Amino acid sequence: MSEHTDNGVHVSSVRLLVVVWIALLIGTWLTVTATYFDLGSLNIWIGLAIATVKALLVALYFMHLRWDRPFNAFIFLCAFLFLGIFIGIALMDTSQYQDTLIPGFATGVGSAAEGG
Amino acid sequence: MASHAGAHHDPHLAHHFESPAQQHQAARLGMWVFLVTEILLFGGLFCAYAVYRANHPEIFIFGHHFLDKGLGALNTVILICSSFTIAWAVRAAQLRQIGVLKLMLGLTLICAFGFLSVKYVEYSHKWHAGLLWARSYAPQAHHGDDAHGPAPGSLQMKLPEGEGGAGAAAAPAQPAPAPVADPDRSSIPPAATGPAGLASEDAGRAETAIVAEPANAQTFFSIYFLMTGLHGIHVLGGIGAMLWLLACAHRGDFDTGHFIKVDLVALYWHVVDLIWIYLFLLLYLIH
Numbered sequence: 005m006s007e008h009t010d011n012g013v014h015v016s017s018v019r020l021l022v023v024v025w026i027a028l029l030i031g032t033w034l035t036v037t038a039t040y041f042d043l044g045s046l047n048i049w050i051g052l053a054i055a056t057v058k059a060l061l062v063a064l065y066f067m068h069l070r071w072d073r074p075f076n077a078f079i080f081l082c083a084f085l086f087l088g089i090f091i092g093i094a095l096m097d098t099s100q101y102q103d104t105l106i107p108g109f110a111t112g113v114g115s116a117a118e119g120g
Numbered sequence: 189m190a191s192h193a194g195a196h197h198d199p200h201l202a203h204h205f206e207s208p209a210q211q212h213q214a215a216r217l218g219m220w221v222f223l224v225t226e227i228l229l230f231g232g233l234f235c236a237y238a239v240y241r242a243n244h245p246e247i248f249i250f251g252h253h254f255l256d257k258g259l260g261a262l263n264t265v266i267l268i269c270s271s272f273t274i275a276w277a278v279r280a281a282q283l284r285q286i287g288v289l290k291l292m293l294g295l296t297l298i299c300a301f302g303f304l305s306v307k308y309v310e311y312s313h314k315w316h317a318g319l320l321w322a323r324s325y326a327p328q329a330h331h332g333d334d335a336h337g338p339a340p341g342s343l344q345m346k347l348p349e350g351e352g353g354a355g356a357a358a359a360p361a362q363p364a365p366a367p368v369a370d371p372d373r374s375s376i377p378p379a380a381t382g383p384a385g386l387a388s389e390d391a392g393r394a395e396t397a398i399v400a401e402p403a404n405a406q407t408f409f410s411i412y413f414l415m416t417g418l419h420g421i422h423v424l425g426g427i428g429a430m431l432w433l434l435a436c437a438h439r440g441d442f443d444t445g446h447f448i449k450v451d452l453v454a455l456y457w458h459v460v461d462l463i464w465i466y467l468f469l470l471l472y473l474i475h
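Those protein sequence lines, which keep their order, are chains A and B. Residues are numbered in our numbering as their position in the first sequence, beginning at 1, plus a constant of 4. Residues are numbered in our numbering as their position in the second sequence, beginning at 1, plus a constant of 188.
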């Protein structure tokens with residue numbers, strides 16, 4: 005666990021890699037299994053939570069973020085911060101138009117396909 | 189080149205860096221910034237997905253019946269295994285175990301090709317079933333000509349089961365609610381606009397299949413092909429990078445313990461895996 009290269013870079017032990025790998029496989033199994041239970045709108049959030057735990061495992065251990073300089077982690081987190089702002093505000097905007105939607109009809113898609 | 193380098197100068201150390209450690213950190217920093225741009229590149233597609241799904245969940249509930257959960261899960265497992273092997277490859281490069289490094293790179297490549305093979309099976313199935321993007325979407329067009337194949341049958345067989353009925357109830361095929369006061373909204377011709385409408389001139393049999401189909405179901409397949417296609421291109425790029433690493437390993441580049449190339453390619457490959465974890469959840473496992 006405490007092996008290091010000449011550069012002082014952390015070397016992961018095979019045991020740690022195997023543990024993370026198995027945890028990721030279990031996470032995948034959990035994600036698939038969870039879809040067989042109907043929990044209404046909770047399903048997507050449970051799925052996203054499991055996926056995010058998997059993503060954290062990959063980033064922290066496989067990508068060495070845990071032993072990396074904190075600044076790299078900060079940069080990576082910024083990506084998700086801006087992604088959240090981007091998608092969050094886009095969803096807030098589109099929800100303003102909910103009552104103008106025709107059920108079952110994606111406004112704009114049909115006319116775009118038609119008019120090219 | 190390495191033979192006549194100065195006695196106390198690392199041949200891999202560029203002159204503008206203080207130390208190999210600083211050079212390594214600079215390279216990793218650059219890679220992290222690149223990975224951020226990658227995530228934001230996919231972010232645009234995730235945003236399109238979120239907006240369309242928020243507005244028209246019935247299209248996604250309908251569309252996901254045509255994706256094979258089993259194949260999607262298989263590909264997720266393949267990518268997780270490849271992430272594991274390339275993480276081990278980094279360890280091998282750090283410890284100058286060139287044999288292990290080559291083995292792990294080879295295993296990662298096999299996983300990458302396996303992933304693309306499964307993707308090929310999925311894509312060709314959709315191609316034959318006419319489940320394509322935007323104007324190419326014509327699921328009924330193939331019902332007549334290759335009735336022996338499993339592909340055309342699946343469209344009709346899958347519809348009655350599971351939430352297919354719920355999706356149909358939520359979204360009537362003829363979305364003609366009482367025309368609203370707004371003049372230009374009522375002028376939109378409902379089901380006849382999309383290619384699905386054009387295809388319904390086929391036969392009465394085709395129309396039984398279209399009953400459960402919400403208008404503009406092609407939106408799901410446009411988003412599906414864009415997201416998985418862009419991801420597939422990244423897998424191809426990763427294959428190229430890993431072949432290059434194998435060539436480098438063969439040439440003896442990593443004998444000196446200068447493993448930065450392996451480290452950076454591995455970071456890239458992990459992000460490809462990360463994105464797939466979310467794609468699998470959001471496209472295949474819609475509830």
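Idealized CB from N, CA, C, for every residue including glycine. Keep in mind it's a predicted model, so treat the numbers as computed, not measured.
- Under the DSSP assignment, residue 225 of chain B falls in the alpha helix (DSSP H) whose first and last residues are 208-243.
- Within the region 240-272 of chain B, 240, 242, 243, 244, 246, 247, 257, 261, 264, 265, 268, 269, 271, 272 place their CB atoms closer than 8 Å to a CB of chain A, listed in sequence order.
- In this structure, residue 35 of chain A lies near residue 55 of chain A, with their beta-carbon atoms less than 8 Å apart.
- With its beta carbon less than 8 Å from one in chain B, residue 73 of chain A belongs to the interface.
- In the DSSP secondary-structure assignment, residue 8 of chain A is bridged to A:14.
- With respect to chain B, the C-beta atom of residue 9 of chain A has a partner C-beta closer than 8 Å.
- In this structure, residue 82 of chain A sits near residue 224 of chain B, with a CB-CB distance shorter than 8 Å.
- Listed along chain A is no residue with a C-beta nearer than 9 Å to that of residue 450 of chain B; the closest approach is about 12 Å.
- Distance from the Cα of residue 301 of chain B is smallest, within the candidate group B:317, B:269, B:232, B:401, for B:269.
- When C-beta distances to chain A are compared with 7 Å, the residues of the region 440-474 of chain B below that value are 445, 455, 458, 461, 462, 465, 466, 469, 473, in chain order.
- Excluding residues up to 5 positions away in sequence, 293, 449, 450, 453 lie with their Cβ nearer than 7 Å to the Cβ of residue 433 of chain B in the same chain.
- For the pair residue 202 of chain B and residue 220 of chain B, the Cα-to-Cα distance works out to about 20 Å.
- Residue 65 of chain A sits buried, since 16 or more C-beta atoms from the chains shown fall within 10 Å of its C-beta.
- At least one C-beta of chain A is nearer than 8 Å to the C-beta of residue 217 of chain B.
- Following the DSSP letters along the chain, one finds residue 282 of chain B inside the alpha helix (DSSP H) bounded by residues 257-282.
- Collapsing the DSSP output to three states places residue 474 of chain B in coil.
- For residue 318 of chain B, no alpha helix (DSSP H) encloses it, and the DSSP letter there is neither H nor E.
- Linking residue 17 of chain A to residue 442 of chain B through their CA atoms gives a straight-line distance of about 19 Å.
- Taking CB atoms only, residue 234 of chain B has a neighbour in chain A less than 8 Å away.
- Considering only beta carbons, the part of the region 282-309 of chain B lying closer than 7 Å to chain A consists of 282, 283, in chain order.
- For residue 415 of chain B, the secondary structure class from DSSP, reduced to helix, strand or coil, is helix.
- Ranking B:446, B:464, B:410, B:278 by CA distance to the CA of residue 263 of chain B puts B:464 first.
- Between the beta-carbon of residue 472 of chain B and that of residue 255 of chain B there is about 5 Å, and that keeps the pair under the 8 Å contact cut.
- In the three-state DSSP reduction, residue 45 of chain A falls in the coil class, being neither helix nor strand.
- Rounded to the nearest angstrom, the gap between the Cα atoms of residue 46 of chain A and residue 232 of chain B is 25 Å.
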